[in-house]
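Just below is one structure, and these are the notes that go with it.
Numbering (the UniProt record's numbering), first residue to last: 1 to 468.
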């Protein structure tokens with residue numbers, strides 16, 4: 001490591017920037033966040049600096065002179081492509097012993113200005129010592145995506161309450177208090193932008209310091225259709241912070257790999273009507289872990305509020321007084337359609353889409369108004385429809401939907417083993433049986449199903465539901 005990482009307090013201190021073009025403007029955008037007193041010295045056109053910063057910086061239209069170094073500036077930044085001007089500035093800075101940063105000249109730098117991730121008072125610097133700046137920017141982009149946008153608000157929230165915590169919490173327990181606070185509902189509320197809820201949760205946490213274990217939190221998360229890259233950033237954060245994860249059958253192995261290694265995992269089933277645990281026991285388990293102070297994740301395939309019974313679980317948590325957060329996921333219809341190039345709506349073919357499930361509670365028939373559905377003539381996405389494919393097709397045809405209506409059956413959509421049957425409504429049942437579609441699979445019924453992109457599919461099965 002050539003450069004020692006440190007943070008420089010420039011507030012109110014003199015900084016000289018040599019250069020007046022776009023290169024200087026880019027550096028000034030970073031420097032000005034630290035509130036220094038900046039003088040831009042440049043014989044070149046500095047209209048870009050004037051346009052960007054106006055009177056916030058002092059501008060001198062000439063080369064750098066020795067007199068400019070009195071009083072002594074804290075830092076000199078050389079941001080010019082004029083080699084002669086850069087050389088003069090470097091020599092003057094080195095002779096005076098003033099730290100210098102020379103843009104795109106790492107060998108001549110005393111100071112490297114890194115790629116920066118900023119969240120309020122938190123600043124993260126990423127530097128490759130000038131060896132691979134593009135790679136440094138890539139790392140910064142990853143961190144920008146992973147860190148919550150309101151993390152700065154959380155830092156400010158904590159700073160404003162440090163005195164209250166110091167007064168109420170003994171020194172020996174203070175670190176544990178802050179760790180629990182940052183893992184608990186107060187922090188979640190701040191990150192969600194709900195200051196009132198955050199204040200309430202903080203007050204409760206402070207008042208319960210002497211009561212032992214504080215209550216945890218449950219996040220009901222949609223894992224999407226299977227491809228781990230389709231997870232939301234918030235879902236990924238919760239998975240990597242979880243103490244306990246309760247997951248369903250429809251959550252892919254690739255998504256499970258993203259769970260924090262030390263987290264306890266509980267498989268709670270949900271495969272057709274075969275549930276490893278009844279719904280009531282799942283709710284009981286979530287509540288019990290949360291009351292023990294755990295960060296609980298309830299992980300469901302697709303979106304928890306679309307045929308995922310997430311609403312029932314949220315009601316149970318609310319009734320128990322357990323704090324909960326819902327993290328939406330890409331629902332199977334959207335994910336599978338995108339993965340196979342099928343637009344769910346398309347001008348001239350379908351102006352709307354309806355999501356239905358072919359499964360019903362306790363083995364009964366699905367409560368669907370087939371006549372209304374058939375009359376609409378738009379796209380129908382059928383969840384959990386493989387086992388009842390024949391019933392679905394017969395009901396729609398009997399209600400007036402044409403037997404030649406295109407259908408796509410997408411099995412394990414978005415995953416490497418994805419495959420599709422393109423058939424029509426009257427041949428749907430035979431096609432599913434012939435190709436031994438087991439699921440998880442989605443039925444897309446309507447004219448748009450004929451638009452599936454052959455190039456996007458791992459395995460293509462011919463029109464009519466029979467192998468080519």
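All C-beta atoms, glycine included, are put in the ideal place defined by N, C-alpha and C.
### Task
Assign residue 307 to buried or exposed, taking buried as 16 or more other Cβ atoms, counted over all protein chains shown, within 10 Å of its Cβ.
buried
### Query
Secondary structure at residue 369, three-state DSSP: helix, strand or coil?
coil
### Query
What is the residue span of the alpha helix (DSSP H) that residue 182 lies within?
171 to 183
### Query
Which same chain residues, not among the five before or five after residue 457, have their C-beta less than 8 Å away from its C-beta?
Its pLDDT being 46, under 50, residue 457 is placed unreliably by the model, and the measurement read from it follows with that caveat. Excluding sequence neighbours, residue 457 sits near 340, 418, 419 and 420.
### Task
Please confirm whether residue 33 and residue 118 have their CB atoms less than 9 Å apart.
yes
### Message
Please report the distance separating the alpha-carbon of residue 37 from that of residue 148.
### Response
31 Å
### Task
Within its chain, find whatever has a CB closer than 6 Å to the CB of residue 303; leave out the 5 residues flanking it on each side and keep chain order.
222, 328, 329 and 331
### Task
For residue 359, name the three-state secondary structure that DSSP assigns.
coil
### Query
By how many angstroms is the C-alpha of residue 436 removed from the C-alpha of residue 462?
Note that residue 462 scores a pLDDT of 41, beneath 50, so its modelled location is shaky; the value from the coordinates is reported in the next line. Spanning the two alpha carbons is a distance of roughly 15 Å.
#### Entry: Sufficient close CB pairs (3 or more, under 8 Å) joining the region 404 to 417 to the region 435 to 451
yes
### Query
What residues in its chain sit with their C-beta under 6 Å from that of residue 379, if we drop five residues either side in the sequence?
344, 350, 353, 446 and 448
### Task
Within the same chain, show all residues whose beta-carbon is closer than 6 Å to that of residue 385, passing over the 5 residues directly before and after it, in chain order.
358, 392 and 443
### Task
Take residue 164 and list the residues in its own chain whose beta-carbon comes closer than 8 Å to its own, dropping the five residues that flank it on each side.
206
### Own chain, CB closer than 7 Å to residue 25, minus 5 neighbours either side, in chain order
48, 49 and 52
### Query
For the alpha helix (DSSP H) that residue 487 lies in, which residues bound it at each end?
This structure does not reach residue 487, given that the chain is present from 1 up to 468, and the question cannot be answered.
### Task
Tell me, please, which residues DSSP counts as bridged to residue 414.
Note: residue 414 sits in no beta bridge, so no partner.
### Task
Could you pull out every residue in the same chain whose Cβ sits closer than 6 Å to the Cβ of residue 451, ignoring the five residues on either side in sequence?
342
### Message
Buried or exposed for residue 45, going by 16 or more other Cβ atoms inside 10 Å?
### Response
exposed
### Message
Tell me the DSSP secondary structure of residue 32 in three-state form.
### Response
helix
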